[in-house]
Amino acid sequence: MSASEPRPPEWPVNPFWDFSVALYSRPGVGSACLALQDRHGLDVNLLLFCVYAAACGKRLTAADLTSLNVSVGPWRRRVVEPLRQVRRTFKEPGHGAMDALAERLRRQVLEAEIEAERGAQTILHRALPLERAATAPDPSSARDNLEAYLAAAGLAHRPETARDLTVLLEAIRER
Numbered sequence: 137m138s139a140s141e142p143r144p145p146e147w148p149v150n151p152f153w154d155f156s157v158a159l160y161s162r163p164g165v166g167s168a169c170l171a172l173q174d175r176h177g178l179d180v181n182l183l184l185f186c187v188y189a190a191a192c193g194k195r196l197t198a199a200d201l202t203s204l205n206v207s208v209g210p211w212r213r214r215v216v217e218p219l220r221q222v223r224r225t226f227k228e229p230g231h232g233a234m235d236a237l238a239e240r241l242r243r244q245v246l247e248a249e250i251e252a253e254r255g256a257q258t259i260l261h262r263a264l265p266l267e268r269a270a271t272a273p274d275p276s277s278a279r280d281n282l283e284a285y286l287a288a289a290g291l292a293h294r295p296e297t298a299r300d301l302t303v304l305l306e307a308i309r310e311r
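Here you go:
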């Protein structure tokens, strides 16, 4: 960026983003979220929002989840998912003499993908603004919200989603 280029805007304050960064960094949370995304097509940001809502004392309804999904869906499809696909393409072997360049580009796309995820979380927080409670999420409320999301996605009562959900909930409990 040169001195003549305008400074990019700062992200608005978003307690959901701060909560998600802390939660996602806990052992097991990231891999459980990615398993639910990759195996079942769920949105990691909606999974995290379910837990965040529980920490805020909010039980999500089917209408809440539909509204959240409608709000973030276009951004997810047009921005986040294409960036993820490009990043994953760079991870594939076979770039030959271009391996170092591919890795450098993969890291740059990863940075853009993380910023796009932050954008998705800003959309979700604006769609259903909740202020972060001072307490950790109640595991029962988190389970209820996550199960409501699974039901809304047509994945309720499937053993494979139950296993991945259990891993996520266990990671949330561990402090």
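When you line the sequence shown up against this note's numbering, it's residues 137 to 311, in that order.
Just so you know, even glycine gets a beta-carbon here, dropped at the ideal spot from N, CA and C.
Helix, strand or coil at residue i according to DSSP, with G and I counted as helix
| i | result |
| --- | --- |
| G255 | helix |
| P210 | helix |
| S138 | Confidence at S138 is low in this model, with a pLDDT of 49, below 50, so the placement of that residue is unreliable and no value is reported for it. |
| E267 | coil |
| W153 | helix |
| K194 | coil |
| H261 | helix |
| L178 | coil |
| A171 | helix |
| P163 | coil |
| R309 | helix |
Alpha carbon of residue i to alpha carbon of residue j, nearest angstrom
| i | j | result |
| --- | --- | --- |
| A171 | R299 | 10 Å |
| G209 | A263 | 12 Å |
| D200 | Y285 | 10 Å |
| D174 | E217 | 12 Å |
| R212 | L246 | 15 Å |
| R279 | H261 | 20 Å |
| S138 | A236 | Low local confidence applies: a pLDDT of 49 at S138 is under 50, so the model's placement there is unreliable, with the coordinate-based value given in what follows. Rounded to the nearest angstrom, the two C-alpha atoms are 26 Å apart. |
Residue i vs residue j beta-carbon contact at 7 Å
| i | j | result |
| --- | --- | --- |
| N281 | A158 | no |
| F226 | R242 | yes |
| Q257 | N181 | yes |
| K194 | L305 | no |
| P275 | V187 | no |
| A198 | A289 | no |
| R294 | W153 | no |
| S207 | L184 | no |
| G164 | A252 | no |
Supposed close pair residue i, residue j - CB separation, criterion 8 Å
| i | j | result |
| --- | --- | --- |
| R223 | E239 | Contact doesn't hold; Cβ gap of about 11 Å is too wide. |
| S151 | R309 | Checking the displayed sequence, the identity of residue 151 turns out to be Pro instead of Ser. That belief does not hold up - the Cβ atoms of P151 and R309 are roughly 21 Å apart, past 8 Å. |
Beta-carbon proximity list for residue i, same chain, < 7 Å, skipping 5 on both sides
| i | result |
| --- | --- |
| P148 | T258 |
| A168 | D300, V303, L304 and A307 |
Own chain, CB closer than 8 Å to residue i, minus 5 neighbours either side, in chain order
| i | result |
| --- | --- |
| L291 | H176, L178 and T297 |
Contact with chain B by residue i, beta-carbon distance below 7 Å
| i | result |
| --- | --- |
| P210 | The question asks about chain B, but that chain is absent: this structure has only one protein chain. |
Contacting residues, own chain, Cβ-Cβ under 6 Å from residue i (five flanking each side not counted)
| i | result |
| --- | --- |
| Y160 | G166 |
| M234 | none |
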